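Asker:
Protein chains: 2
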Amino acid sequence: MTEHAKGAGFCCADHSGVANAQGILAQAEARARARGLRLTPVRHRTLEILLQAHGALGAYDVLGQLAAEGYGTQPPVAYRALNFLVENGLAHRIRRLNAFTACAHPAQDHRAAFLICTRCDSVTEAPAQAISDALARAALDAGFQLDRATIEAVGLCHACTDVPA
Amino acid sequence: MTEHAKGAGFCCADHSGVANAQGILAQAEARARARGLRLTPVRHRTLEILLQAHGALGAYDVLGQLAAEGYGTQPPVAYRALNFLVENGLAHRIRRLNAFTACAHPAQDHRAAFLICTRCDSVTEAPAQAISDALARAALDAGFQLDRATIEAVGLCHACTDVPA
DNA sequence: TATCTGATGTTATATCATAACAGTCAAGGC
DNA sequence: GCCTTGACTGTTATGATATAACATCAGATA
Ligand SMILES: [Zn+2]
Ligand SMILES: [Zn+2]
Ligand SMILES: [Zn+2]
Ligand SMILES: [Zn+2]
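Residue numbers (numbering that gives the first Met the number 0), protein chains in the order written: chain A, 0 to 164; chain B, 0 to 164.
1) Which residues, in order along the segment 147-162 of chain B, keep a beta-carbon less than 7 Å from a beta-carbon of chain A?
2) Can you confirm whether A/L134, when its beta carbon is compared against all beta carbons of chain B, has any partner nearer than 8 Å?
3) Which class does B/V41 belong to by DSSP, given the choice of helix, strand or coil?
4) The alpha helix (DSSP H) that contains A/H91, what's its start and end?
5) Would you decide whether B/V162 is buried or exposed? Buried here means 16 or more other CB atoms lie within 10 Å of its CB.
6) In this structure, how does DSSP classify B/F105 when only helix, strand and coil are distinguished?
7) Tell me the DSSP secondary structure of A/E151 in three-state form.
8) Closer than 8 Å, Cβ to any Cβ of chain A: which residues of the segment 75-99 of chain B, in chain order?
9) Identify the contact partners of A/G142 in chain B, using a Cβ-Cβ distance below 9 Å as the criterion.
10) Is it the case that the segment 135-145 of chain B contacts the segment 61-81 of chain B, given that we only count it when at least three CB pairs across the two stretches are under 8 Å?
11) Can you pull the DSSP bridge partners for B/T100?
12) For B/Q64, which of helix, strand or coil comes out of DSSP?
13) Please list, in chain order, the chain B residues whose beta carbon lies closer than 7 Å to that of A/I130.
14) Ignore the nearest five residues each way along the sequence and tell me which others in A/L114's own chain have a CB closer than 6 Å to its CB.
15) Is B/A103 a contact residue of ligand 3, with contact defined as CB to any heavy atom under 7 Å?
16) Name the DSSP beta bridge partners of A/I115, please?
17) Can you check which of these residues, A/D60, A/A58 and A/V85, is closest to A/A27 by C-alpha distance?
18) Run the proximity test for B/R118: is its beta-carbon closer than 7 Å to any non-hydrogen atom belonging to ligand 4?
19) Considering Cα atoms alone, identify which of A/S121, A/A135 and A/Q128 is closest to B/A190.
20) Expressed to the nearest angstrom, what Euclidean distance is found between the alpha-carbon atoms of B/R94 and A/R95?
21) With distances taken from CA atoms, which of A/F83, A/N97 and A/P74 is nearest A/T39?
22) Examine chain B for any beta-carbon lying closer than 8 Å to the beta-carbon of A/A228, and answer yes or no.
23) Would you call B/D140 buried or exposed, if buried means 16 or more other Cβ atoms sit within 10 Å of its Cβ?
24) Nearest chain B C-beta to A/A12 closer than 8 Å, yes or no?
25) Can you name the start and end residues of the alpha helix (DSSP H) that A/R136 belongs to?
26) Any heavy atom of ligand 4 closer than 7 Å to the beta-carbon of B/L96?
27) Does the distance from the CB of A/L24 to the CB of A/L46 come in under 8 Å?
28) Inspect the beta-carbon positions of B/A20 and B/L50 and report whether they are closer than 8 Å.
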């Protein structure tokens, strides 16, 4: 079990940035249908695991759960499902944490930034259109043809800001 | 040797974003003096190695060079020097590549974004004040107390955009 | 001198990720 | 029907990245 997955550090209930897992799952399923993506049992279950998690989960955390439920026991099982979800807009990879989190808005294509709390390990997906526009300008100035970007902020979430120490 | 360090893929000479290694090194030394940082032999040499590299270097690439020159041969030697440089504004960590690059502007404190070319593996440090401001606004909206951020863009650098295939 | 501190070095291990290959199964062509 | 094909799942094995814990050493301090 990795540090960011320990969960015990959470300071409040609706802290993970994924308040309504059921609704998000429905959106994700709709997206998959609309695009002809095959949301197979492992993939579907992997998405559920991410949605039920507080904060982001490492691939081996996901693998542990999958293995315990009768799916494959080896790393590629988790990595394949996670990469599928990421590539199809159903999850995001958090590079700073070497971890994955369910997309909070799978209904629409979007640019996202992630707000990572160093106190409680929560990961919140924030709309990043404005940030992305600024980045696009910077790229243009450098003659760089932008494909996609990673935007990850570190600090204290709302709940943890209130708590003194 | 890792993929991003192979160097052979560069499509032009001044491609690494570190055009004037000597000048940057002098700035870095000045910064260290001004702040009372101990730029010891390993640390100084590590910075030189980063400056001479095309693109970003993995810790094990740096370690290989250090070891070949009579410094320690084990991973902590490289990681300690690299972390020191990063923590003191003399280098940056590129999370997407699991790699490190010398800071191109160590004279002043700054926010940086990184433009990573998928064709030639070059890494260019771009000014990111505007992006950072946009991110600060997004964080504020979310009640998030921002500490620092990682901004990494992936795409094609200027030189590689011109090359057809 | 005795002690303390920060830096460097080591061994050993933890953590993250992918290559390569084997078996399953459903869809489509003959 | 039966075969081919391609997507998916599973495996073994290995590679790549990173840190914990401890020993040593040199310079600063009292
Ligand atoms: Zn999203
Ligand atoms: Zn928090
Ligand atoms: Zn910089
Ligand atoms: Zn390029």
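Note that beta-carbon positions come from the ideal geometry of N, C-alpha and C, so glycine has one too. Because the structure is a prediction, the values reported are computed rather than measured.
Answerer: Walking through what the data contain:
1) R147, A148, T149, I150, E151, A152, V153, G154, L155, C156, H157 and T160
2) Counting from one through the first sequence, the residue named residue 134 of chain A turns up at place 135. Against chain B, the CB of A/L134 has a partner CB under 8 Å away; the residue lies at that interface.
3) As a working note, residue 41 of chain B is residue 42 in the second sequence. It is helical.
4) Mapped onto the first sequence, residue 91 of chain A falls at position 92. Where A/H91 is concerned, there is no enclosing alpha helix (DSSP H), although the beta strand (DSSP E) it sits in stretches over A90 to I93.
5) As a first step, residue 162 of chain B must be located in the second sequence, where it is residue number 163. Exposed, by the Cβ-count rule.
6) Your numbering for residue 105 of chain B matches position 106 in the second sequence. The displayed chain sequence assigns Pro, not Phe, to residue 105 of chain B. Correct three-state label for B/P105: coil.
7) In the first sequence, the residue the question calls residue 151 of chain A occupies position 152. Note: A/E151 maps to strand in three-state DSSP.
8) R94 and R95
9) What you label residue 142 of chain A is simply residue 143 of the first sequence in a count that begins at 1. Within 9 Å Cβ-Cβ: C156, H157, A158 and T160.
10) no
11) Position 101 of the second sequence holds residue 100 of chain B. B/T100 is bridged to B/H91.
12) Here the question's residue 64 of chain B lines up with position 65 in the second sequence. Secondary structure of B/Q64 (DSSP, three-state): helix.
13) In the first sequence, counting from the first residue as 1, residue 130 of chain A sits at position 131. Within 7 Å Cβ-Cβ: I130, A133, L134 and A137.
14) The count along the first sequence starts at 1 and reaches residue 114 of chain A at position 115. Answer for A/L114: T123, A125 and A152, listed in chain order.
15) In the second sequence, counting from the first residue as 1, residue 103 of chain B sits at position 104. Yes, Cβ of B/A103 sits closer than 7 Å to a heavy atom of ligand 3.
16) Walking along the first sequence from the start, residue 115 of chain A turns up at place 116. Partner(s): A/V122 and A/V153.
17) Within the first sequence, the letter at position 28 stands for residue 27 of chain A. Residue A/V85 is the option with its Cα nearest to A/A27.
18) As a first step, residue 118 of chain B is located in the second sequence; it is residue number 119 there, counting from the start. Within the cutoff, so yes.
19) The first residue shown for chain B is 0 and the last is 164, placing residue 190 of chain B beyond what the model contains.
20) Taking the second sequence and counting its residues from 1, one reaches residue 94 of chain B at position 95. Taking the first sequence and counting its residues from 1, one reaches residue 95 of chain A at position 96. Their Cα atoms are separated by approximately 6 Å.
21) Here residue 39 of chain A corresponds to residue number 40 of the first sequence, with the count starting at 1. Here the closest residue by C-alpha is A/F83.
22) Beyond the ends of chain A as shown, which are 0 and 164, falls residue 228 of chain A; an answer cannot be given.
23) As a position in the second sequence, residue 140 of chain B is number 141, starting the count at 1. Exposed.
24) Taking the first residue of the first sequence as position 1, residue 12 of chain A is located at position 13. With a pLDDT of 44 at A/A12, under the threshold of 50, the modelled position of this residue cannot be trusted; read the value that follows with caution. Output row for A/A12: interface = no.
25) The count along the first sequence starts at 1 and reaches residue 136 of chain A at position 137. Counting along the chain, the unbroken alpha helix (DSSP H) around A/R136 starts and ends at Q128 to D140.
26) In the second sequence, residue 96 of chain B corresponds to position 97, counting from 1. Within the chosen limit of 7 Å, ligand 4 does not reach the beta carbon of B/L96 with any heavy atom.
27) As a working note, residue 24 of chain A is residue 25 in the first sequence. As a working note, residue 46 of chain A is residue 47 in the first sequence. Against a cut-off of 8 Å, the Cβ pair of A/L46 and A/L24 comes out as a contact.
28) The residue given as residue 20 of chain B occupies position 21 in the second sequence. The residue given as residue 50 of chain B occupies position 51 in the second sequence. Yes; because the gap between Cβ atoms is below 8 Å, this pair is in contact.
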